[in-house]
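Contents: one structure, followed by commentary.
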Amino acid sequence: MRLLNQEPTNEVDAKVKDTYYKMHTSQTVEFVKSQHEKWGKFDTVELTIMEALEYLADFVDESDPDAQFANSFHAYQTAEAIRAEYPEEDWFHLTGLIHDLGKVMGKYGQPQTDLSYLLLLVDILLIIRL
Ligand SMILES: [Fe+2]
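Be aware that the sequence shown starts at 15, since it is given in the numbering used here, and climbs by one per residue.
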């Protein structure tokens, strides 16, 4: 858990605080509409779920820089944790596996400060296409 209302005491916490600040102050209605237009065309890249997970193997999430493992590992870790807690809810396991796949957009030039909104958009688009 992070206490973002306190002054950061080191460079990593300062980066995390800055990233969240930009995320929460730069997302206007106009921005959201422009991102729907940009990413809703599906003309950037086409990946399977497994390919997208592999793409995230070297992605460093600025909002969580203390994760010392690949973001793809985080996806499996999340899905397995959900399965342990809710073994009968296979839809929930899948949700845990794909919940961060929108971070792939960070590899196509999208600033990470925009990714919190875009993650939601991609998750919705993935669900529609599955
Ligand atoms: Fe995550």
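Cβ atoms here follow ideal geometry from the backbone N, Cα and C, with glycine treated the same way.
Treat the numbers as computed from the prediction; the structure is a model and nothing was measured.
**Distance cut 7 angstroms, beta-carbon to ligand 1 heavy atom: residue list by chain order** = In chain order, the residues that have a beta carbon nearer than 7 angstroms to some heavy atom of ligand 1 are H88, T92, H113 and D114.
**Message:** By the three-class DSSP mapping on this structure, what secondary structure does S77 have?
**Reply:** Of the three classes helix, strand and coil, the one that applies to S77 here is coil, per DSSP.
**Request:** Note down, in chain order, each residue of its chain lying with its Cβ closer than 7 angstroms to the Cβ of P145, except the 5 sequence neighbours on either side.
**Result:** Past the boundaries of the shown model lies residue 145; the chain is included only from 15 to 144, so the question cannot be answered.
**Message:** On the CB-based measure, 16 or more other CB atoms within 10 Å of its CB, does L61 come out buried or exposed?
**Reply:** The residue in question, L61, is exposed, as its Cβ has fewer than 16 Cβ neighbours within 10 Å.
**Asked** Candidates D104, L70 and W105: which alpha carbon is nearest A89's?
**Response** Here the closest residue by C-alpha is L70.
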